[in-house]
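Enquirer: Take the sequence shown: its position 12, counted from the start at 1, is 11 in numbering that gives the first Met the number 0, and no numbers get skipped. This is the structure I want to talk about, given as structure tokens.
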Amino acid sequence: MDKCSTERRPLVAAQLCVCPENRPARPADDDFYSFAVAPSGMDEWSVLSETTVTASFDLDTIRAAIPALARCVYLNTGTFGPLPTAVANEIRRVYDRIEQQGTFAPPVFYELEVAGFEAVRRQVAALLHADPAEIALTRNVTDGINIVLHGLDWRPGDQVILTDHEHPSGTVPWLALAERAGVELRWLELTNDPDAIVERFEALLGPRVRLAQLSHVSCLTGLRLPVERLCRLAQEAGVLTLVDGAHAEGQFAVDVSALGCDFYAACGHKWLLGPQGVGMLYVRREHVERLRPAWLGWDVHQTFDRAARAYTLPPTAARFEQSTRAWPLYLAFGKAIEFVQGVGWEAIEARVRDLRRRFVAGLSAVGEVELLSPTESSLGTGLVTVRVAGWPCEALQARLWERHRIVTNVIREFNALRFSLAFFTSEEDLAAALQALAEAVRP
Ligand SMILES: Cc1ncc(COP(=O)(O)O)c(C=O)c1O
0 MDKCSTERRP
10 LVAAQLCVCP
20 ENRPARPADD
30 DFYSFAVAPS
40 GMDEWSVLSE
50 TTVTASFDLD
60 TIRAAIPALA
70 RCVYLNTGTF
80 GPLPTAVANE
90 IRRVYDRIEQ
100 QGTFAPPVFY
110 ELEVAGFEAV
120 RRQVAALLHA
130 DPAEIALTRN
140 VTDGINIVLH
150 GLDWRPGDQV
160 ILTDHEHPSG
170 TVPWLALAER
180 AGVELRWLEL
190 TNDPDAIVER
200 FEALLGPRVR
210 LAQLSHVSCL
220 TGLRLPVERL
230 CRLAQEAGVL
240 TLVDGAHAEG
250 QFAVDVSALG
260 CDFYAACGHK
270 WLLGPQGVGM
280 LYVRREHVER
290 LRPAWLGWDV
300 HQTFDRAARA
310 YTLPPTAARF
320 EQSTRAWPLY
330 LAFGKAIEFV
340 QGVGWEAIEA
350 RVRDLRRRFV
360 AGLSAVGEVE
370 LLSPTESSLG
380 TGLVTVRVAG
390 WPCEALQARL
400 WERHRIVTNV
410 IREFNALRFS
420 LAFFTSEEDL
430 AAALQALAEA
440 VRP
């Protein structure tokens, strides 16, 4: 019997097609490991030792399917997720095919541009609970935001609501629009109290507000915004909603119809563990033919009659895509979605909630660490932002990498460090991060 035969593998291993016994061994001569500080005695962080996650969650198998996790303490999925082998293999497979057969050989091109690409569109639609006709496959979140922004007609005096936690990609395009078109920006100040957010939002609504852009999850603190409530208020006021789902998609199940938003922009390269260069934009059906495509070019879905100098666009969100794309990456993105969905949303959410609870408890034991993320678990996500007394954030980030091989990101505006806890994060990762912080606080 094949070593990977499904009968012999535990549930998650079967879904990920990884043989536990085929786990890659750590190369002995790898200098990465000489830096890594093994968490000294898990007892010190006793809060980490209780496990409440379901038995079918096979962490070892999952981690073995993501080789980078054996080489460092990877706590920065909020910037770029680590790449599972299955996803990297798909990139290799497709480029091998291109190399061996030629991109425009009919079977290859058909797989890339038609069958494969459209299959991924269907996967993304299922992920968002949308119709494939409402999905544009983009390169990243920024593409999605700009497609919406440039697809609407703006008049001087129009107003747009933005939260004060939007990423630069969700802020700079609007600042430029304000300069160019006289659009006024109204800022929704976030706090870790959802009722206060809703109240503040309501106070900002008014007859000149045309659109509100809301992060589903704050990239600064990991706060999960009450997006459903905000979208309902916006809809009642006739205001369009564009949700930035960069940190939601892949962390928990997203249902755009339940959210009630008009547009939803997300990417594949963070929590969905896809390659860089793939993203998605949901355009609610009624807006597909109203939103003007910002860029146009060729596309297999459109027609162009050179003699008549005429063209038609598809009646779907595919009209927001154009021209040559990195098709192999989209096919790999399909594998990434399969990988994450194979783990299951319930298991992912439970695991991250559990890790977060234990990490936050461990932080209070470290002391001299200020938690900027919400303490309440229903408001928090796998993004945990902390400020450490006496430490400039970049210096602390560098120390964690150089001494412990811990990968994090900084939130400069808060002089803080952001840790990303994902379903594949281990108890040892948490312990290593807590230990490193404790050492920084009490050198
Ligand atoms: C909330 C948020 N929006 C947008 C972006 C930009 O994403 P992309 O590089 O996919 O355009 C990021 C990137 O980190 C982000 O955190």
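A virtual CB, placed ideally from N, CA and C, is assigned to each residue, including glycine.
(1) Quick check: the segment 401-417 against the segment 255-274, are there 3 or more CB pairs under 8 Å?
(2) Would the C-beta of ASP57 count as close to ligand 1, meaning under 7 Å from any of its heavy atoms?
(3) Would the C-beta of ASN75 count as close to ligand 1, meaning under 7 Å from any of its heavy atoms?
(4) From the DSSP output, in three-state form, read off VAL208 for me.
(5) Please look up how many angstroms separate the CB atoms of ALA211 and ALA233, rounded, as I've assumed it's under 8 Å.
(6) Suppose contacts are defined by Cβ-Cβ distances below 8 Å. Is ALA316 in contact with LEU280 by that definition?
(7) Less than 8 Å separating the beta-carbons of ARG404 and CYS71?
(8) If you check the beta carbons only, do ASN139 and ALA293 fall under 8 Å apart?
(9) Starting from ARG350, follow the alpha helix (DSSP H) in both directions and report where the run begins and ends.
(10) One question on the structure: do LEU203 and ARG185 come within less than 8 Å of each other, judged by their Cβ atoms?
(11) Using the three-state DSSP reduction, which class does ARG91 fall into: helix, strand or coil?
(12) Can you name the residues that DSSP bridges to TRP186?
(13) Rounded to the nearest angstrom, what separates ASP95 and SER217 at their Cα positions?
(14) Give a yes or no on whether the C-beta atoms belonging to THR384 and ILE410 are separated by under 8 Å.
(15) If you follow the alpha helix (DSSP H) that GLU494 is part of, which residue opens it and which one closes it?
(16) Please confirm whether any heavy atom of ligand 1 lies closer than 7 Å to the CB of HIS246.
(17) Do the segment 128-142 and the segment 157-165 make contact, defined as three or more Cβ pairs closer than 8 Å?
(18) May I have a chain-ordered list of the alpha helix (DSSP H) segments no shorter than 4 residues that lie completely inside the segment 101-141?
(19) What do you reckon, is the C-beta of VAL140 under 7 Å from a heavy atom of ligand 1?
(20) Give a single yes or no on whether SER322 has its beta carbon closer than 7 Å to a heavy atom of ligand 1.
(21) Helix, strand or coil: which one does DSSP assign to THR84?
(22) Nearest by alpha-carbon distance to GLN434: which of PHE422, SER363, THR380, ILE196 is it?
(23) Quick one: Cα of THR78 to Cα of ASN408, how far?
(24) Leaving out the 5 sequence neighbours to the left and right, which residues in its chain are closer than 6 Å to PHE303 when beta-carbon positions are compared?
(25) Can you tell me which of the three DSSP states GLU49 falls into?
(26) Which same chain residues, not among the five before or five after GLU89, have their C-beta less than 7 Å away from its C-beta?
(27) What did DSSP end up calling GLY322 once you bin it into helix, strand or coil?
(28) For GLU110, is the classification buried or exposed, using 16 other Cβ atoms within 10 angstroms of its Cβ as the cut-off for buried?
(29) If we ignore side chains and look at the alpha-carbon of each, how far apart do LEU58 and PHE423 end up?
(30) Indicate, with yes or no, if ligand 1 has a heavy atom lying under 7 Å from the CB of GLY276.
(31) So is the beta-carbon of SER363 under 7 Å away from any non-hydrogen atom of ligand 1?
(32) Checking 8 Å against the spacing of the C-beta atoms, do VAL277 and ALA236 come in under that value?
(33) So VAL107 and GLY101 are in contact, right, with Cβ under 8 Å, and what is the actual spacing, rounded?
Expert: Quick look at the numbers:
(1) Flag = no, the segment 401-417 and the segment 255-274 do not touch.
(2) False, no ligand heavy atom lies under 7 Å from that Cβ.
(3) No, Cβ of ASN75 sits at least 7 Å from all heavy atoms of ligand 1.
(4) The DSSP-derived three-state label of VAL208 is strand.
(5) That belief holds up - the Cβ atoms of ALA211 and ALA233 are roughly 5 Å apart, short of 8 Å.
(6) Cβ atoms of ALA316 and LEU280: closer than 8 Å.
(7) At a Cβ-Cβ threshold of 8 Å, ARG404 and CYS71 count as neighbours.
(8) Between ASN139 and ALA293, the C-beta spacing is not below 8 Å.
(9) For ARG350, the enclosing alpha helix (DSSP H) has its first and last residue at 344-365.
(10) It is a contact, given that the beta carbons lie within the stated cut-off.
(11) Three-state DSSP puts ARG91 in a helix.
(12) Looking at the DSSP assignment, TRP186 forms a beta bridge with LEU161.
(13) When rounded, the distance between both Cα atoms is 39 Å.
(14) Yes, these two residues count as a Cβ contact at 8 Å.
(15) Since the first residue shown for the chain is 0 and the last is 442, residue 494 is missing from the structure and cannot be characterised.
(16) Checking the 7 Å criterion, the Cβ of HIS246 is within range of a heavy atom belonging to ligand 1.
(17) The way I'd put it, the segment 128-142 doesn't touch the segment 157-165; fewer than three beta-carbon pairs between them come closer than 8 Å.
(18) If we require 4 residues or more, the alpha helix (DSSP H) runs fully inside the segment 101-141 come out as 105-108, 116-127.
(19) Yes, since a heavy atom of ligand 1 falls inside the 7 Å radius drawn around the Cβ of VAL140.
(20) With a cutoff of 7 Å, SER322 does not count as near ligand 1, since its C-beta is closer than that to no heavy atom of the ligand.
(21) For THR84, the secondary structure class from DSSP, reduced to helix, strand or coil, is helix.
(22) Relative to GLN434, the option among PHE422, SER363, THR380, ILE196 whose CA is nearest is SER363.
(23) Cα to Cα, the separation comes out at about 7 Å.
(24) Annotation for PHE303: TYR310 place their beta carbon closer than 6 Å to its own, counting only its chain and skipping 5 residues before and after.
(25) Note on GLU49: pLDDT 47, under 50, position unreliable in the model; no value is reported.
(26) Contacts found: LEU330, ALA331, LYS334.
(27) First, the residue type needs correcting, since residue 322 is Ser and not Gly in the sequence shown. Correct three-state label for SER322: coil.
(28) GLU110 should be labelled buried.
(29) When the Cα atoms are used, LEU58 and PHE423 turn out to be separated by approximately 6 Å.
(30) No - ligand 1 has no heavy atom lying nearer than 7 Å to the Cβ of GLY276.
(31) Ligand 1 never approaches SER363 closely enough for any of its heavy atoms to be under 7 Å from the residue's Cβ.
(32) Going by C-beta atoms, VAL277 is not nearer than 8 Å to ALA236.
(33) Correct: roughly 6 Å between the Cβ atoms.
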